[in-house]
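Peer 1:
In the numbering used here, the protein residues as written are 1 to 164.
#1: Quick one: what does DSSP say residue 58 is sitting in, helix, strand or coil?
#2: Take residue 55 as the anchor and find which of 64, 82, 46, 74 has the nearest alpha-carbon.
#3: State whether the region 17 to 32 contacts the region 57 to 73, with contact taken as three or more CB pairs (one from each stretch) at a distance under 8 Å.
#4: Which partner residues does residue 63 have in the DSSP bridge list?
#5: Using only CA atoms, which one of 109, 144, 100, 111 lies nearest to residue 154?
#6: Suppose you measure from the CA of residue 107 to the CA of residue 152; what does that come to, to the nearest Å?
#7: Assuming residue 22 and residue 51 make a contact with CB atoms under 8 Å, what is their CB distance in whole Å?
#8: Among the residues of its own chain, which have a CB less than 6 Å from the CB of residue 1, if the five just before and after it don't count?
#9: Among all the DSSP beta bridges, which residues are the ones paired with residue 32?
#10: Would you check if the distance between the CB atom of residue 33 and the CB atom of residue 13 is smaller than 8 Å?
#11: In whole angstroms, what separates the C-alpha of residue 38 from that of residue 44?
#12: Nearest to residue 82 by CA position, among 17, 148, 156, 8, is which residue?
#13: Can you find the residues in the same chain that come closer than 8 Å, C-beta to C-beta, to residue 19, ignoring five residues on each side of it along the sequence?
#14: If you drop the 5 nearest sequence neighbours on each side, which residues of the same chain put their C-beta closer than 6 Å to that of residue 69?
#15: Here's a check: name, in chain order, each residue in its chain whose Cβ is nearer than 8 Å to the Cβ of residue 143, leaving out the five neighbours to either side.
#16: Roughly how many angstroms separate the alpha carbons of residue 80 and residue 141, rounded to a whole number?
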């Protein structure tokens, strides 16, 4: 398991709602003090104070590219704090996907063998021909739902994987 160690100084920095909001914004992209002040509807000096505290705890770093504006971004540790710090979610999504693929494959094989059995039953007794059709509709619907869930979980995995 990938743990995040938070010392007293970091914990104190994270107790401020404004700092948490700043970290969440910086998780999306880098920002200047002016941009953050506008988003938080506060003064630049207030944002600068918050950023100083976040820099002291190594959750945020300033990027100086030699231009007029200084950008702030999350450090690796800051990103781990704000995004959870582990790959548990992508792994869980991958395991769910594998499980669902197994269920879909099993259902397809069951449907094929069930179709053969039902075809034999239809030849014997044509009075109850609506029952096999209903069973087939239920099976196909279940497979479609599982396929949709499978596709969704794969897309979620790919999306999570891109953030790591």
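Positions of the beta carbon are idealized from the N, C-alpha and C atoms, including for glycine.
Peer 2: Looking at the coordinates:
#1: In the displayed model, residue 58 falls within coil according to three-state DSSP, outside both helix and strand.
#2: Sorting 64, 82, 46, 74 by C-alpha distance to the C-alpha of residue 55 places 74 at the top.
#3: Proximity of the region 17 to 32 to the region 57 to 73 meets the contact definition, three or more beta-carbon pairs being nearer than 8 Å.
#4: DSSP output for residue 63 lists 71 as bridge partner(s).
#5: Comparing Cα positions, the closest option is 100.
#6: Straight-line Cα distance between these residues: approximately 19 Å.
#7: A Cβ-Cβ separation of about 7 Å places residue 22 in contact with residue 51 under the 8 Å criterion.
#8: In this prediction, residue 1 scores a pLDDT of 41, lower than 50, which makes its location untrustworthy; the coordinate-derived value is nonetheless stated afterwards. Result list for residue 1: empty, nothing under 6 Å.
#9: 71, per the DSSP bridge assignment.
#10: The Cβ atoms of residue 33 and residue 13 lie no closer than 8 Å to each other.
#11: Cα-Cα distance, rounded: 8 Å.
#12: Comparing Cα-Cα distances from residue 82 to each of 17, 148, 156, 8, the minimum goes to 17.
#13: In its chain, beyond the 5 residues on either side, 13, 50, 53, 54 have a beta carbon closer than 8 Å to the beta carbon of residue 19.
#14: So the list reads 32, once near-sequence residues are dropped.
#15: Within the same chain, residue 143 has close Cβ partners 104, 107, 108, 111.
#16: Roughly 40 Å between the two C-alpha positions.
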